[in-house]
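Presented below is the structure to which this report refers.
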Amino acid sequence: MDTRSAPMAPLSRENRPSIVGPEVPEKPYPISLKGIVSPGFGRGARFLGIPTANLPDSSLHPLEVLNHKTGIYYGFARIFPSTSTPLPTAPTTPTTSRLGTPDISSPHPSSNLKPTFHDSSPNSKTTSHDSPSNTKTKTNHDLHPNKNKKQIEVHGLSSEEIQNLPAETAPYPPDSEEAKEGRKRLIEDDTKVWPMVMSIGWNPYFKNEKVTAEVHIMHAFAHDFYGHDMSVLILGYIRPELDYVSKEALIADIQTDVKVALNSLAREGYAVYAKDPFFATP
Numbered sequence: 001m002d003t004r005s006a007p008m009a010p011l012s013r014e015n016r017p018s019i020v021g022p023e024v025p026e027k028p029y030p031i032s033l034k035g036i037v038s039p040g041f042g043r044g045a046r047f048l049g050i051p052t053a054n055l056p057d058s059s060l061h062p063l064e065v066l067n068h069k070t071g072i073y074y075g076f077a078r079i080f081p082s083t084s085t086p087l088p089t090a091p092t093t094p095t096t097s098r099l100g101t102p103d104i105s106s107p108h109p110s111s112n113l114k115p116t117f118h119d120s121s122p123n124s125k126t127t128s129h130d131s132p133s134n135t136k137t138k139t140n141h142d143l144h145p146n147k148n149k150k151q152i153e154v155h156g157l158s159s160e161e162i163q164n165l166p167a168e169t170a171p172y173p174p175d176s177e178e179a180k181e182g183r184k185r186l187i188e189d190d191t192k193v194w195p196m197v198m199s200i201g202w203n204p205y206f207k208n209e210k211v212t213a214e215v216h217i218m219h220a221f222a223h224d225f226y227g228h229d230m231s232v233l234i235l236g237y238i239r240p241e242l243d244y245v246s247k248e249a250l251i252a253d254i255q256t257d258v259k260v261a262l263n264s265l266a267r268e269g270y271a272v273y274a275k276d277p278f279f280a281t282p
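The sequence shown stops at residue 282 when you use the UniProt record's numbering, and every number in between is there.
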């Protein structure tokens with residue numbers, strides 16, 4: 001369904017809830033994505049001062065479970081140190097369905113993305129009372145084609161550490177729009193599992209012509225990370241897409257999204273996913 005039009009945000013947003021979602025993730029969450037960070041519009045860091053990592057259009061396939069529900073989501077993300085993959089130099093062009101949205105029913109065969117789903121079925125041994133890092137249930141992660149890759153230690157934050165993260169992080173210098181200098185090496189802190197907020201939709205303020213998926217990671221990276229593998233675990237929904245009367249109003253709402261995400265992820269039922277084995281391999 002084409003939902004590119006959106007209501008204008010109220011002038012006052014002071015009464016937004018500080019925590020969203022149940023005490024533990026419920027179906028259809030968690031939803032997992034893996035892909036190579038690709039150049040986007042360049043407006044997150046440059047125009048808003050809030051850098052985002054773009055997922056290629058082909059990564060939207062697992063989001064079918066959301067039934068085209070656009071909006072702002074929250075969860076965890078990890079950028080991997082490996083620089084062994086080819087560096088994308090331009091955003092991909094999606095196939096457009098007759099409804100006006102990218103055709104997400106069949107990912108492009110040459111895509112670098114590896115979409116996966118968490119097993120959240122009632123028969124799964126991973127329940128709301130189990131730590132994902134302790135489960136021995138065979139899930140779709142076990143069937144992933146990269147499951148035999150060398151595992152990288154998962155450094156996830158505790159509930160207290162998540163709660164104490166700043167809601168505003170200084171953006172990295174946007175000095176390589178087309179990544180002409182190649183992939184930059186990340187420091188160890190950059191490769192931890194960090195909280196994230198994610199926009200899925202049309203971004204009404206910018207009048208997008210296609211659906212995009214843009215991830216803002218709550219960590220102050222020293223520079224961009226185009227070409228690096230990124231894993232994203234979506235755990236819940238914050239709010240619908242809105243249009244705004246000004247750039248400042250949009251920025252203020254995004255900053256509130258970050259605070260809401262941090263408060264929501266600091267709960268034990270969510271914080272455990274920062275150490276999920278899903279984050280052990282690119």
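We put the beta carbon where it would ideally sit given N, CA and C, even for glycine.
In this model, E214 and K27 are separated by some 22 angstroms (Cα to Cα).
Shown here, Y226 sits in coil according to DSSP, grouped into three states, outside any helix or strand. With contacts defined as CB atoms closer than 8 angstroms, I238 and V260 qualify as a contacting pair. Residue range A53 to L55 is occupied by the beta strand (DSSP E) that includes L55.
Cβ atoms of Q151 and A280 come within 8 angstroms of each other, at about 4 angstroms. Check the Cα spacing between D253 and each of G269, S158, H61 and V197: the tightest is with V197. Exclusion of the five residues before and after G21 leaves G236 and S264 as the residues of its chain whose Cβ lies within less than 6 angstroms of its Cβ. In the three-state reduction of the DSSP assignment, D276 falls in the coil class. The C-beta separation of I72 from G227 comes to about 26 angstroms, leaving the pair out of contact by the 8 angstroms criterion. Where A77 is concerned, the enclosing beta strand (DSSP E) starts and stops at G71 to I79. In the three-state scheme derived from DSSP, where H, G and I count as helix and E and B as strand, A252 is classed as helix. Taking C-alpha positions only, L242 is separated from Q255 by approximately 14 angstroms. Residue burial annotation: P240 is exposed, with fewer than 16 other C-beta atoms found within 10 angstroms of its C-beta. In this structure, F76 is the residue among F76, P62, L262 and H61 with its C-alpha nearest to the C-alpha of F278. Nearest in C-alpha terms to E248, of all of E23, V24, I19 and I50, is I50. P166 counts as exposed, since fewer than 16 other C-beta atoms from the protein chains shown sit within 10 angstroms of its C-beta.
With fewer than 16 other Cβ atoms from the protein chains shown falling within 10 Å of its own Cβ, V245 counts as exposed.
For P17, the number of other beta carbons within 10 angstroms of its own is below 16, and it is reported as exposed.
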